[in-house]
Structures are given as structure tokens and as C-alpha cells.
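For reference, the structure discussed in these notes is given below.
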Amino acid sequence: MGYRFFLLLLVAILHLGDCGKGKNAGISGDSSFNAERNNFLLQKKLHKLKEFSREASKRLATLSGYSLFYNEYLAELLRVRVPGTVGHRAVKEFIIKTLSSNGWKVEKQVFEGKTPLGMKNFTNIIATLYPEANRVLSLAAHYDSKIIPPVNGKYFVAATDSAVPCGILLDLAKILATKAKSKKDAPKNVSPQLIFLDGEEAFVEWTNTDSIYGSRYMADALALKPHHDKKLSNQGLTELDAMDAFVLFDLLGAKNPTFYNFFGETSHLYNGLRNIEMQLRASNELTGRNEKHFSGHYFIGEPGNGMYIEDDHIPFLKKGVPILHLIPVPFPDVWHKLEDDETAIDPATVEDLIKIFRHFVCAYFSLE
Ligand code: 1BN
Ligand code: ZN
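Reading the sequence shown from the start, the letters are residues 1275 to 1642 in our numbering.
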């Protein structure tokens, strides 16, 4: 009995071993398939910011100043930019012209969206510096403005929401293109990507269907678009998978902004910004002070309680893209008020933020 049982057990074990082999043989194809795909996805998480010497950091911080930023970008952006208006069209063309003339590959996503005020035309703008790269770090802002009726001839120009963020992206477009030209040997496996979103604002009232028209469209479209590298699209990867992270700039330009680390997944990026701020403060490169926060810093760490802010990042977040949301909390006092004009902008704060963001993107792409 004992002997027969032992034989049966042996046969069963041998049989299981065979099954295992068969199964493994099946998986081995799959696992090499998965290995390549997983390796691609892992590289996105492992990307490190380059550490710059004090001298390189100082060189990057040498700014042309707020007045040049104003003349070159803000003066063109500070106008009514409600979809369908002349201002919206002019700003869209200005953004496209500025990006193209700096050598970026520019693509437009033109689409129609159903709003409470009827069908509207929208245009998202996507610019890529190294079009052959397999991965991108996406830096985004919205360029439309909210419908707010004028009072006594004063129109809503939405300076912090988001003319200044768009100006900052255009400044980054110029510095990145200039640095890339002079540093030909910089790695080009990951490209900066600038995204100018349309239709962020609600036409009537912020709801799931009346808001973020551009980002909803873009996230859906990129999730359906096979990756441009055949080897990667064969692995089922899409253009959305190419994003290392989606970095959203919003409501920037007012004095005393404080930024929280909302998403653990992008803590390495947030901490990169925090370290850059500390390094620039240590070498007295920042002139705006954060008067309202006890630490005197802009990047102040984790929010105390779970905070949920609706914005253009949501459709990307829902699809699993790592998010870095650069929006000050509390929002500027002038938020969605006619007073959100050029007088709401603090030049020293804008200069500080530009220095921090320039350093951050140059460090990401090894463009010191
Ligand atoms: C940001 C700037 N948002 C609109 N303009 C998004 C938002 C809408 C944030 C409602 C909070 C509430
Ligand atoms: Zn707004």
C-alpha cells in the first residue's frame, strides 16, 4: 500500500514537472515580451536629474529678467483667450510660431467639443524637441481663458490662469532649444515635450462634461495612438506610455506661492525641484521671498490632508500617467476675478520660478 502510494506520488510529481516545463516554455516567449516592455516602463521611473556644479547652476540662473519675459511673451499672451475669439486665435498662432522658430516639431490636435453653449472648435498644441526619442517628459499648461464678462471696459486676461504658465513654457522652449544646439552630445532617448491645452475652463459651470475639453481629448487620443517606435508599438505600447510624467503648470505668477507634493509617484521630481530651490537660495540667486510661509520656501512638501484638485492632469492621472501638479495652494487671491491681470504678477516670484524650472528641465535632459 505504502509502496503503491509512493509510486503514484512519484508519477504525479513527474507529471507536474512536465506541465511546468510546458507552461514555462509557453511563458518564456511571453516573458521576453514582457521583459522588454517592463524594461521600457522601468527606465521611465529610474530617470535621474543631473546634478550641476555651483558654476553651472549660477550660469543657468543668469536671467534675462522679468522685463524681457514680459516683452517677449506676456505682452502677447495677456488678452482674452476664450475659444472662438480673435484673442484665442492670435495667442494660438503666437505659441505655434514661437515654438517652430525655436526648432521644435509642432503638432496640432484640432477637434470639436460639445459645450453647454453649443459645439466649439478647440486646438491642442504639442511640441517635441527630439521627435525620434522613445520617451518624453511632458510640460503642460492651458492657454484658453475663462468667460468672465467685462466691467467698465475692463476685460478678463487671466494672467496667472494661465498666461504666465504659458510664458514660462515658451521661455523653457527657448532655453532647451539653445542648450540642445550647443550640447550636441546630450542624450536624446527622452525628449522635452511642451503641451498647450485648449478648453480647460468651463463655459458655464465646472462639471465633468463642461471643463478640461483639451486634456480629455488628448489623453484619449494618445492612449489609442500606437507608439511611433515599431518595436514598442509591437509590445502594445502607446504614445501615452511614452510619457515619463505629465507636469502641469497652473495659476503661477502671484506672490508667495506654495507648492505641495501631491503624488508620491513623482516625489523624485518634486524633490528635485525642492533641492534646486534650496541650492539657488543658498547661493542667493532667488530674490522673491515667500513671506507667507514660515519656512520661506516655495516647495513645502506633503499636504497635511488628502487634497483633490480638479485640473487638466485628471484624464492623464486616470490613465496611469505619473503626475506632477505645479499649482499653488492656496490659489492666488485673484483667481477667476477681473483682477487677475498684470498687476497680480510679482516679477521677483516669476524670475525665481523661471530659474528653478530652467534648472529642473536642463537637469532632466543633461543640458547644463
Ligand atoms: C484651475 C484654473 N482650474 C480652473 N482654472 C481648475 C479648477 C476648477 C480648480 C475648479 C478648482 C476648482
Ligand atoms: Zn481658471
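Every residue, glycine too, gets a C-beta built ideally from N, C-alpha and C.
With distances taken between CA atoms, alanine 1364 lies nearest to Asp1418 out of Lys1322, Asp1418, Asn1313, Pro1577. Serine 1465 sits in a strand when the DSSP states are folded into three classes. For leucine 1554, the secondary structure class from DSSP, reduced to helix, strand or coil, is helix. Straight-line spacing of the CA atoms in arginine 1555 and valine 1603 works out to 21 Å.
Relative to the non-hydrogen atoms of the ligand ZN, the Cβ of glutamate 1325 never comes closer than 6 Å to any of them. Short of 8 Å from the beta carbon of lysine 1629, and not among the five residues preceding or following it, lie these beta carbons of its own chain, in chain order: Leu1334, Ala1335, Leu1337, Leu1554, Glu1559, Leu1560. DSSP places alanine 1493 in the uninterrupted alpha helix (DSSP H) bounded by 1487 to 1498.
Inclusion of proline 1357 and phenylalanine 1396 in the CB contact set at 7 Å is warranted, their separation being smaller than that value. Annotation: the continuous alpha helix (DSSP H) that includes lysine 1592 extends over 1588 to 1592. In the DSSP assignment, glycine 1441 falls outside any beta strand (DSSP E) and lies within the alpha helix (DSSP H) extending over 1438 to 1456. If one requires a minimum length of 4 residues, the alpha helix (DSSP H) runs lying completely within the segment 1323 to 1377 are 1328 to 1335, 1340 to 1343, 1360 to 1375, in chain order. With a threshold of 6 Å, the Cβ atom of glutamate 1584 counts as near the ligand 1BN, since some heavy atom of the ligand is closer than that. When DSSP states are grouped into helix, strand and coil, aspartate 1518 belongs to the strand group. The DSSP-derived three-state label of leucine 1413 is strand.
In terms of side-chain proximity, the C-beta atom of aspartate 1435 is found nearer than 6 Å to a non-hydrogen atom of the ligand ZN. Counted as a single uninterrupted DSSP element, the alpha helix (DSSP H) harbouring alanine 1622 occupies residues 1621 to 1638. For threonine 1532, the closest of Glu1539, Leu1511, Ser1569, Val1521 by C-alpha to C-alpha distance is Ser1569. Taking the C-beta atoms as reference points, leucine 1514 is found no nearer than 7 Å to alanine 1447. Relative to the ligand 1BN, the beta carbon of aspartate 1524 is positioned inside 6 Å of a heavy atom.
The beta-bridge partner set that DSSP reports for methionine 1393 consists of Lys1388. Taking every protein chain shown into account, the CB of asparagine 1408 has 16 or more other CB atoms within 10 angstroms, so this residue is buried. Counting C-beta atoms within 10 angstroms of its own C-beta, aspartate 1626 has 16 or more neighbours from the protein chains shown and is therefore classed as buried.
The criterion of a C-beta distance shorter than 7 Å is not satisfied by phenylalanine 1537 and leucine 1600. Threonine 1540 and leucine 1598 do touch by the CB rule: their CB atoms are close to 4 Å apart, below 8 Å. 7 Å or more divides the Cβ of aspartate 1615 from the Cβ of valine 1478.
Contact annotation: leucine 1471 and leucine 1443 have beta-carbon atoms that are not nearer than 7 Å. The straight-line gap separating the alpha-carbon atoms of leucine 1320 and threonine 1434 is approximately 33 Å. Remark: the shortest separation between the CB of tryptophan 1378 and any heavy atom of the ligand 1BN does not fall under 6 Å.
Nearest Cα to glutamine 1317 within the set Asp1518, Ala1330, Tyr1344: Asp1518. For arginine 1311 and glycine 1339, the gap between their C-alpha atoms comes out near 44 Å.
Taking the CA atoms as reference points, phenylalanine 1573 sits about 13 Å from glutamate 1565.
For tyrosine 1544, the three-state secondary structure derived from DSSP is helix. For the pair phenylalanine 1520 and phenylalanine 1590, the CB atoms are nearer than the 7 Å cut-off. Within the same chain, and ignoring the five residues on either side of alanine 1528 in sequence, the residues whose Cβ sits closer than 8 Å to its Cβ are Thr1434, Pro1602, Pro1606, Asp1607, Val1608, Ala1618, Ile1619, Asp1620, Thr1623.
The same chain holds no residue with a CB closer than 7 Å to that of serine 1327 once the five nearest residues on each side in sequence are set aside. Checking the 6 Å criterion, the Cβ of glutamate 1475 is within range of a heavy atom belonging to the ligand ZN.
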